[in-house]
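Chains as they are written, first to last, in the working numbering: chain A, 1 to 379; chain B, 1 to 339. Heads up, the thing below is written out as structure tokens.
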Amino acid sequence: MAEASLPSRSNLAATLTRRPGWTTTLRVLRYSVVRLVALFATVVVGVYLTILIANMGGYVDEIKKAQIREGISLSVSMDPANRALTPAQRNELIEGLVQVEVRRLGLDRPFLLRSFASLTDALTLNLGRTNYLTSDSGSKLVRLVILERLPPTLLLFATSNLFLFFFSIFVALRLSRNYGNLADRMVIALAPTSAAPGWFYGIFLILIFSALLGWLPFGGMVDTPPPADRLQYAWSVLRHMILPVAAITLSAIFLTIYNWRTFFLIYSSEDYVDMAKAKGLPGRIVENRYILRPTLPTIITNFALLVIGLWTGAIILETVFNWPGLGRLLYQAIGLFDTPIIVGSTVIYAYLLAITVFVLDFTYALVDPRVRVGEGGAK
Amino acid sequence: MANRSSFDAPLLQVRELVLHFRTSKGVVQAVDGVDFTLNANEAVVIIGESGCGKSSLAKAILRLLPRNVHRYTGKTFLYGQEVMALSDEEFRRTIRWNRIAMVPQAAMNALNPVLRVGDQVAEPLMIHQGMRKSKALEKAVEMFRLVGVPEDFVHRYAFELSGGMRQRVALAMALVTSPDLIILDEPTSALDVLTQANIMNQLKRIKKEMGMSFILITHDIATSSELADRVAVMYAGQIVEVGDALRFFQEPLHPYAQKLMASVPRLRETKDPEFIVGQPPSLINPPTGCRFADRCHRRFARCAEEPPVIEQHGRLVKCWLYTEDGVNQRDASHSRHQD
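Written out as structure tokens, the structure reads:
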């Protein structure tokens, strides 16, 4: 029987080396492109809505025109050279200057047309000049102002999210192994604490660790004056990061662990996990290959939603901690009606969100062969 | 029997195996004192209706216990070696898949969706025998051929296979380490009749060609008769009859087994299939005495006591009917019928 049922050597080798690589790459590529297009469409819609809202549907133009008229009237009336003019001539002069300025700013074209122009500008990061705010280096270019604020935000949120992801997976896996024990029940009991946002916990953390105990700074990103030594600078930033990272983590960690531990429990009761145990695989392999890996797509979906929530919570959190990031900038800009900055930060936020979601989608495709290879594919 | 680790000890001996679960309603006596013996190159079929403890028996033999185990006692000997005495780690390394493998119930879900099936089949070889991956994969391909799966399927994922193919892959997975014994837990229950027949034929061939031994757990009497050398009938956590397959199918002894056989529809008989009145007893609080007594058409006074296991012509029956009391009883009922 052995002769008949054994494949020939060469045949066998061919079977084993032939990896279905090319079609898989194509499939992942197609999936990624489709996701990218969908995300870009979302960004476009989001940014356009922001432009409409930040301009108050064109009303901000009226405010600007009034400001121009006021400024010009003032300068014309103050100019000694114009003292001889009659009121009619003066009005004519003012009107002429206003028209020139309005045309210069493009305010004479209908708002709808201009909104599309702003949309293109926004999407290509041609963000223009601020109305009032300046960057720390004194520039009024929106791009520079935002670029200055972007790294602190990225630092804070990348740290928090990466910590949240890996720590939650680790704890959730441990809890699912011994579900029903004291630690597990405590996490379940604490899950509702995630209903409160990060800044809420931030206030209490500042109260306790800065005001009462005096261990950590109240806010900001680095001591004033900033330490000259690089190592000390990093240490200072680290100390300033502890509380905001703790606040973000606290606001999400228990619910996340609870969710993921439940995912792990659901997937551990699958037949293939029993099968892996019956095969006599060591516990670590069973856990990594048969519980963690099949659960990962679900966890990544859940995490994507969580991260979106955390990004949007950044505005108040950064304000509470006086963190010089995008969120704080947006908060200041809203207070001052600084439309270019509002639009600019929103565009950057939208892009950040889209990039985050895309990275997670891409990871999803990598960990789930049903996406990578395609349902019923390769037939 | 004197020398338990002798060569000519039977392949598997199960003695007084007990597996009880703790539930919120009480202790479920899923397996309650099961005894049977399996010789090399033999297939024993364990028949019983749903919930009689068949699958729990398979789990108990492979020590695949859930968290809520209440009691797990008894002895199992593999070629005379007491395997229940091994520590969990030793049992995992030496017994699972090296000596005893299984094809689970609903093998449809027995494959990990995110691993290639070839890797899953090759995995035990790499873990237990330290084989290199390429070598293990070659062996997996060999097994695929043996069970009739196209060899390039090693690179596929479970969702790319049909139900019958997945079942075959599960079978290939059980065969790959050439274990002494394979436990088949309802291996064909989710499949269509044609695929069922196909897989039963494969099993028969493998048994003949590789000298494999099987425990086949099923409720499908007709299909199982293809493979069976011996039959064990399970009822409410206990084995009520064990015997040679040919003689069992001709003449079951235990009243439950008789009713079970009568419930199978037959092609060339006009007789309607029978059914058994009532429900199997709850395994949480099973009746004292014979567990089948309430539904038995031949019950008599003695049945309130725990029935003994009687040997008759090499067959074991757990029933009072085959004791002296029972013989009188049978005669009495016979004469009554004749009146």
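No residue lacks a Cβ here, since even glycine has one placed at the ideal position from N, Cα and C.
Ignore the nearest five residues each way along the sequence and tell me which others in residue i's own chain have a CB closer than 8 Å to its CB.
i         : result
Ser160(A) : Pro244, Val245, Ile248, Thr249, Leu310
Arg405(A) : As displayed, chain A neither begins before 1 nor continues past 379, which places residue 405(A) out of reach and without an answer.
Gly148(B) : Arg168, Asn198, Gln202
Leu11(B)  : Leu38, Asn39, Ala40, Glu42, Leu78, Tyr79, Asp180, Leu181, Ser213
Lys139(B) : Ala122, Leu125, Met131, Val176
Asp294(B) : Gly278, Pro281, Pro287
Phe163(A) : Val245, Thr249
Phe111(A) : Asn55, Gly57, Gly58, Asp61
Going by beta carbon distance, what residues of the same chain come within less than 6 Å of residue i, once the five residues before and after it are set aside?
i         : result
Gly128(A) : Val142, Pro340
Asp108(A) : Val102
Thr218(B) : Glu186, Ser224
Note down the Cα distance separating residue i from residue j, rounded to an integer number of angstroms.
i         : j         : result
Gln238(B) : Asp32(B)  : 6 Å
Ser251(A) : Leu175(A) : 20 Å
Ala228(B) : Met212(B) : 13 Å
Ala2(B)   : Ser282(B) : In this prediction, Ala2(B) has a pLDDT of 37, which is less than 50 and means its spatial position is unreliable; what the coordinates show is noted afterwards. Their Cα atoms are separated by approximately 38 Å.
Val371(A) : Thr356(A) : 19 Å
Arg15(B)  : Leu78(B)  : 12 Å
Phe218(A) : His240(A) : 8 Å
Phe116(A) : Val45(A)  : 11 Å
Lys207(B) : Asn41(B)  : 7 Å
Thr224(A) : Ile300(A) : 40 Å
Phe358(A) : Leu26(A)  : 17 Å
Thr323(B) : Cys290(B) : 14 Å
Asp338(A) : Val367(A) : 43 Å
Met173(B) : Phe144(B) : 9 Å
Leu231(A) : Ala158(A) : 21 Å
Ala106(B) : Asp274(A) : 12 Å
Gln120(B) : His70(B)  : 32 Å
Phe36(B)  : Arg299(B) : 25 Å
Leu360(A) : Leu133(A) : 34 Å
Gly118(B) : Lys279(A) : 15 Å
Ile215(B) : Ile95(B)  : 16 Å
Arg211(A) : Tyr201(A) : This sequence places Ala at residue 211(A); Arg is not what is there. When rounded, the distance between both Cα atoms is 14 Å.
With distances taken Cα to Cα, identify the nearest neighbour of residue i among the options.
i         : options                                    : result
Leu62(B)  : Gly48(B), Val103(B), Val117(B)             : Val103(B)
Pro282(A) : His128(B), Val240(B), Val121(B)            : His128(B)
Asn328(B) : Arg315(B), Phe144(B), Gly289(B), Ala301(B) : Ala301(B)
Leu191(B) : Asp220(B), Arg145(B), Gly26(B), Arg71(B)   : Asp220(B)
Leu150(A) : Met221(A), Leu238(A), Val187(A)            : Met221(A)
Glu148(A) : Glu287(A), Asp368(A), Gly344(A)            : Gly344(A)
Arg284(A) : Met173(B), Glu89(B), Thr23(B)              : Glu89(B)
Val342(B) : Pro307(B), Ala58(B), Asp294(B)             : Nothing can be reported for residue 342(B), as the shown portion of chain B is limited to 1 through 339.
Asp271(A) : Met108(B), Ala101(B), Gly163(B), Thr188(B) : Met108(B)
Lys54(B)  : His70(B), Leu260(B), Val34(B), Pro66(B)    : Val34(B)
Met186(A) : Val171(A), Leu164(A), Asp79(A)             : Val171(A)
Phe275(B) : Glu269(B), Ser162(B), Met261(B), Leu267(B) : Met261(B)
Thr363(A) : Pro297(A), Ala41(A), Asn259(A)             : Pro297(A)
I'd like the list of long-range same chain contacts for residue i, defined as Cβ closer than 7 Å, with 5 residues on each side in sequence excluded.
i         : result
Tyr256(B) : Val233, Tyr235, Val240, Phe292
Ile68(A)  : Val98, Glu101, Val102
Thr193(A) : Phe254
Leu306(A) : Ala252, Thr256
Phe209(A) : Trp215, Leu216, Leu243
Glu388(A) : In this structure chain A extends from 1 to 379, so residue 388(A) is not present and cannot be described.
Val28(A)  : Ala365, Arg372
Arg166(B) : Ala107, Met108, Leu111, Ala158
Taking 8 Å as the line, does the beta carbon of residue i fall inside it for any heavy atom of the ligand SAM?
i         : result
Ala172(A) : As presented, the structure is devoid of all ligands, the ligand SAM included, so that no description of it is given.
- Could you tell me whether the segment 183-191 of chain B touches the segment 124-135 of chain B, where touching means 3 or more Cβ pairs closer than 8 Å? The answer is no - the segment 124-135 of chain B does not touch the segment 183-191 of chain B, with fewer than three Cβ pairs under 8 Å.
- Any 3 or more C-beta pairs closer than 8 Å across the segment 41-56 of chain B and the segment 224-238 of chain B: At 8 Å Cβ cutoff, the stretches touch.
- Mind the definition here: the segment 337-353 of chain A touches the segment 144-156 of chain A only if three or more C-beta pairs lie below 8 Å; say whether that holds. Contact between the segment 337-353 of chain A and the segment 144-156 of chain A is established, with three or more Cβ pairs separated by less than 8 Å.
- Query: Are the segment 108-117 of chain B and the segment 287-304 of chain A in contact at 8 Å, needing three or more beta carbon pairs?
  - Reply: In the pairwise beta carbon analysis, the segment 108-117 of chain B is classified as touching the segment 287-304 of chain A: at least three pairs are separated by under 8 Å.
- Meets three-Cβ-pair contact criterion under 8 Å: the segment 96-112 of chain A and the segment 55-70 of chain A: Contact between the segment 96-112 of chain A and the segment 55-70 of chain A is present: three or more C-beta pairs spanning the two stretches fall below 8 Å.
- Looking at C-beta atoms only, is the number of pairs between the segment 111-124 of chain A and the segment 310-330 of chain A that lie closer than 8 Å three or more? Taking a cut-off of 8 Å on C-beta distances, the segment 111-124 of chain A does not touch the segment 310-330 of chain A, as fewer than three cross pairs fall below it.
- chain B contacts made by the segment 271-293 of chain A, where a contact means CB separation under 9 Å: Legend: CB atoms of the segment 271-293 of chain A lying less than 9 Å from CB atoms of chain B belong to residues Asp271, Tyr272, Val273, Asp274, Met275, Ala276, Lys277, Ala278, Lys279, Gly280, Leu281, Pro282, Gly283, Ile285, Arg289, Tyr290, Arg293.
- Would you list, in chain order, the members of the segment 348-370 of chain A that have their beta-carbon closer than 8 Å to a beta-carbon of chain B? Interface annotation for the segment 348-370 of chain A against chain B: Val367, Asp368, Pro369, Arg370, criterion Cβ-Cβ distance under 8 Å.
- Is the number of C-beta pairs between the segment 261-273 of chain A and the segment 175-184 of chain A that are closer than 8 Å three or more? They touch, by the three-pair rule.
- Message: For the segment 239-254 of chain B against the segment 303-314 of chain B, do three or more pairs of beta-carbon atoms, one drawn from each stretch, fall closer than 8 Å, so that the two count as touching?
- Response: At 8 Å Cβ cutoff, the stretches touch.
- Return the residues of the segment 196-208 of chain B that lie within a Cβ-Cβ distance of less than 8 Å from chain A, sorted by chain order. Answer set for the segment 196-208 of chain B: empty.
- Just by C-beta distance, which residues in the segment 105-125 of chain B are closer than 7 Å to chain A? Among the residues of the segment 105-125 of chain B, those with a Cβ less than 7 Å away from any Cβ of chain A are Ala106, Asn109, Ala110, Leu111, Asn112, Pro113, Val114, Leu115, Glu123, Pro124, in the order of the chain.
- chain A contacts made by the segment 144-159 of chain B, where a contact means CB separation under 8 Å: Residues passing the 8 Å Cβ filter: Arg145, Leu146, Glu151, Asp152, Val154, His155, Arg156, Tyr157, Phe159.
- Item | Residues of the segment 289-308 of chain B whose Cβ lies closer than 9 Å to any Cβ of chain A, in chain order | Residues passing the 9 Å Cβ filter: none.
- Take every Cβ of the segment 17-28 of chain B, pair it with every Cβ of the segment 267-287 of chain B, and state whether three or more of those distances are shorter than 8 Å. Yes, the segment 17-28 of chain B is in contact with the segment 267-287 of chain B.
- Interface positions of the segment 215-226 of chain B facing chain A (Cβ-Cβ less than 8 Å), listed along the chain: Taking 8 Å as the Cβ-Cβ cut-off, the segment 215-226 of chain B has no residue approaching chain A.
- Query: Listed from N- to C-terminal order along the chain, which residues in the segment 261-287 of chain B have their beta-carbon within a distance smaller than 9 Å of any beta-carbon of chain A?
  - Reply: For the segment 261-287 of chain B, the beta-carbon criterion of a distance under 9 Å to any beta-carbon of chain A is satisfied by none of its residues.
- Going along the chain, which residues of the segment 40-63 of chain B sit with their C-beta nearer than 8 Å to a C-beta in chain A? Among the residues of the segment 40-63 of chain B, those with a Cβ less than 8 Å away from any Cβ of chain A are Leu62, in the order of the chain.
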